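Here's the structure we're looking at; comments come further down.
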Amino acid sequence: MAGGSNTLLDRFKQEPLVPLGAAATLAAFLYAAHGMHRGNFKQTQWGMRSRVALQGLTVCALLGYSLYRTDEHQTGRKDHVRAIDWERLERESIAAEKTDRARQDDAVAGPLPSDKVKQPTTVFAQEPKSGK
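The sequence shown: position 98 = 98 (UniProt numbering), numbered continuously.
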């Protein structure tokens, strides 16, 4: 992921609470695992409960940054939207309808006598037409 703002260090700078929350969650988990290894029930319970709380805070930080970026993206995007010229759109639509109507009128009238279509000649024998 080398490019623009997608590098890991750039993401850490933009969202500093997420890596801190992940590190704190890992520390609480290791504390609980250490207590479990030693057989200390109180330390294990405290470590697991703090792990759950820290994990929830990390997820909240992720959601907060996501909502912030969505708002930032939407407000910045409105500046780049081009206004619709409804009058020009109406004129182009009317012109397109006129040309379409003219084409339909030509199709209904059929080909002009000067526009006779030549039958292609073939070297193969043609089948005789039956009188049925």
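Glycine included, each C-beta is placed from N, C-alpha and C at the ideal position. Keep in mind it's a predicted model, so treat the numbers as computed, not measured.
Between residue i and residue j, what straight-line distance do the alpha-carbon atoms span, to the nearest angstrom?
i	j	result
P19	L26	10 angstroms
E87	R103	25 angstroms
L89	D106	26 angstroms
R49	T7	33 angstroms
C60	K13	18 angstroms
Y68	I94	44 angstroms
G35	D71	43 angstroms
Y31	A53	14 angstroms
A24	A83	49 angstroms
T99	E92	11 angstroms
K42	A33	12 angstroms
A2	W46	Below a pLDDT of 50, predicted positions are generally treated as unreliable, and A2, at 47, falls in that range; the measurement from the model is reported next regardless. Taking the straight line from one Cα to the other gives about 40 angstroms.
R38	T44	9 angstroms
E15	R101	60 angstroms
L9	L17	13 angstroms
Q55	D85	51 angstroms
Just reading off the alpha helix (DSSP H) that residue i is part of, what are its end residues?
i	result
I32	Note that residue 32 corresponds to Ala in the displayed sequence, not to Ile. Taken as a continuous stretch (DSSP letters only), the alpha helix (DSSP H) holding A32 covers L17 to R38.
R11	L8 to Q14
Any beta carbon of chain C sitting closer than 7 angstroms to that of residue i?
i	result
L9	No chain C is part of this structure, which consists of one protein chain only.
Would you please state the rounded distance, in angstroms, between the beta carbons of residue i and residue j? I believe it to be under 8 angstroms.
i	j	result
G21	L57	6 angstroms
R51	A28	4 angstroms
> At what residue ranges does the stretch 58-107 contain a whole run of the alpha helix (DSSP H), taking only runs of 4 or more?
Replying inline: none
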